[in-house]
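A.B. asks: If you count the sequence shown from 1, you need to add 42 to reach the numbering used here. Backbone N, C-alpha and C define an ideal beta-carbon position, used for all residues, glycine too.
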Amino acid sequence: MFSKTSDPTSAPPVPRPSAPGTNSARSVLGADLRITGEITSSGSVEILGEIEGNITANGLIIGQEGRVKGSITAHTVEVKGKFDGKVSCESFTLRASSEVKADVNATALVIESGARIEGRFTKPKV
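#1: For the beta strand (DSSP E) holding Asp126, just list the boundary residues, first then last.
#2: Ordered along the chain, which non-local residues of its own chain (more than five positions away) have a Cβ less than 6 Å from that of Asn96?
#3: For Ser86, does the count of other Cβ atoms within 10 angstroms reach 16, so buried, or fall short, so exposed?
#4: Given this structure, state the Cα-to-Cα distance separating Glu94 from Gly161, to the nearest angstrom.
#5: Using the C-alpha atoms, what's the distance from Arg76 back to Ile89?
#6: Per DSSP, what are the beta-bridge partners of Glu107 in this structure?
#7: What number of angstroms, rounded off, separates the C-alpha of Val119 from the C-alpha of Ala150?
#8: Could you round the C-beta distance between Ala157 and Phe134 to whole angstroms and report it? I think they count as a contact, below 8 Å.
#9: Starting from Asn147, trace the beta strand (DSSP E) in both directions and tell me its first and last residue.
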């Protein structure tokens, strides 16, 4: 009927972050952000703001209002906004709203009708 309660003055346990390299979460860089520099993530990154620099991630999404200028290395890349630079990835997807000026090295390529592209596309040598 009665149970012992914990000390009300003690703090609740703090969740521990995952071990490095096991992060499968998605980081979202908001529309109000403007970043110059390098971004590295073991998970996925969604960019809604403006980035100038190098990005390394497992997955990358450039949102419809997002702008990226620089180099990208990722497993998958999806562009809905603007991208200017170089990319090396397994799968590269250009949505209808995308504007891309890039040298792309990708194994798989998807281009939706309406996407505006300028650049060179190559497939990795096996």
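C.D. replies: Quick look at the numbers:
#1: 124-136
#2: Glu80, Gly112, Ser113
#3: buried
#4: 19 Å
#5: 10 Å
#6: None; Glu107 has no bridge partner.
#7: 10 Å
#8: The pair is not a contact, with the Cβ atoms about 11 Å apart (cut-off 8 Å).
#9: 141-153
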